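Here the structure is laid out as structure tokens; the discussion comes afterwards.
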Amino acid sequence: MNARNTCTTPLPMQAPAPFDRLSSLLERFRVRAHLFHSGPLCGVTHFAAAPGRGFLHVLRRGKMVVTHQPQAGPLERLEVAEPSLLFYARPLEHFFHNAPTEGSDFTCAALDFDGGASHPLARALPPLVLLPLGKVDGLQQSLDLLFAETDRLRCGHRVLADRLFEVVLLQLLRWLLDHPEQARMPPGLLTGLADPALARALTALHDAPGQPWSLAQMAQQAGMSRSAFAARFKAVVGDTPADYLAHWRLTLAQAHLRGGRSLKSIANELGYANPSALSRVFAQKVGMSPRVWLEGLAA
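Note that full-length UniProt numbering gives residue 128 to position 128 of the sequence shown, counting from 1, and the numbers run on in steps of one.
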């Protein structure tokens, strides 16, 4: 009696389906670019810090020195010797020093972050990202379109330049997600989104903040055990999963309150049993009641 061959060829393991790590964030918390300069800069140019305001500078050609106030975060003095992006995600005073006879050529935009300092990306990014233009794949095509709009006056050029600056910013954020170590990203949201397993859990939390998330459910999204997930989340993001979820819900609550919605209308949507429960957590984490917080914004 012949033995039947029961060996089968194992099926290849399927790669995880791709997913979008940024859209839900940027749809809820917009970053708006506003072109304000295109051309040479000579001498010393001062860029003041303002609440909720960042900057995206493109050094097209030339070289320069950038200075910051002592203990502001970045180095006090930086030399930039090649075409580069300078991205200030948070309010930070800075100065460009350019030789009067050899002025460097710039295209610059101011960035308005919804929610100011509470914008999730503004909180997660370092004070300054300095990156040579040649490092970001695909960036040159967007810059060519941007420069074509800023080099000559045409109908709607300012509106189109603003949108193209936002495209450049998105490409920069993609690069940061793919190269967190090169960018020296501090632990936080972006380092979490750069981790393939944690990114799935974080994106699920961002998309469904009102779901009654347990540690086991979050770990399942990441395809990890509870203990391994909790340890890795803390090490990479800097918070426990529960603390991150609470902070994300409060960030959304603040955005809704700024937009005129009431606690009653958002409590259940954010996973709280009633407005009182949300108000208590808000006061514990923010240090004041929602009413007092809103009064401070108005003032």
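Just so it is clear, CB atoms sit at the ideal spot from N, CA and C, and this is done for glycine as well.
All values derive from a computational prediction rather than experimental measurement.
Extent of the continuous alpha helix (DSSP H) to which residue i belongs
i	result
E166	H157 to D178
F282	P275 to V286
L294	P290 to A298
F233	R226 to V237
R249	P241 to R258
Collapsed DSSP secondary structure at residue i in the structure displayed
i	result
M218	helix
H119	coil
residue 302	The structure shown does not extend to residue 302, since the chain spans only 1 to 299, so no value can be given for it.
S24	helix
T150	helix
M1	Low local confidence applies: a pLDDT of 44 at M1 is under 50, so the model's placement there is unreliable, with the coordinate-based value given in what follows. Here M1 sits in coil by DSSP.
L125	coil
S142	helix
Limits of the unbroken beta strand (DSSP E) element including residue i
i	result
T45	G43 to F47
E79	R77 to V80
P132	V129 to P132
Y88	S84 to Y88
T67	M64 to H68
D105	S104 to F113
Residue i versus residue j: straight-line alpha-carbon distance, rounded
i	j	result
L121	A89	8 angstroms
E149	T107	11 angstroms
F55	V236	27 angstroms
F165	Y272	38 angstroms
R258	A204	24 angstroms
residue 318	E93	Any answer about residue 318 is impossible in this case: the structure gives the chain only from 1 up to 299.
A299	G223	46 angstroms
P12	W213	Confidence is the limiting factor: at P12 the pLDDT is only 46, short of 50, which leaves the residue's position unreliable, though a coordinate-based value still follows. If I take the Cα positions, the gap works out to 32 angstroms.
D144	G138	11 angstroms
P209	P241	12 angstroms
G287	S262	19 angstroms
Q182	A124	16 angstroms
Sequence-distant residues of its chain with Cβ nearer than 8 angstroms to residue i (five each side left out)
i	result
C7	Low per-residue confidence applies at C7: pLDDT is 49, beneath 50, and the placement is therefore not dependable, though the value from the model is reported in the following sentence. Once the five neighbours on either side are set aside, C7 has no close Cβ partner at all.
Cβ separation of residue i and residue j, assumed to be a contact under 8 angstroms, to the nearest whole Å
i	j	result
A230	L215	6 angstroms
T45	F87	About 17 angstroms separates the two Cβ atoms, so there is no contact after all.
D114	A255	7 angstroms
A81	K63	4 angstroms
Beta-carbon proximity list for residue i, same chain, < 7 angstroms, skipping 5 on both sides
i	result
P70	E76
L177	R21, L190, L193 and A194
Cβ neighbours of residue i in the same chain (closer than 6 angstroms, five flanking residues each side left out)
i	result
V168	S142
S38	T107 and T150
Any non-hydrogen atom of the ligand NAP closer than 7 angstroms to residue i Cβ
i	result
A117	The ligand NAP is not among the ligands present in this structure, which contains no ligands whatsoever.
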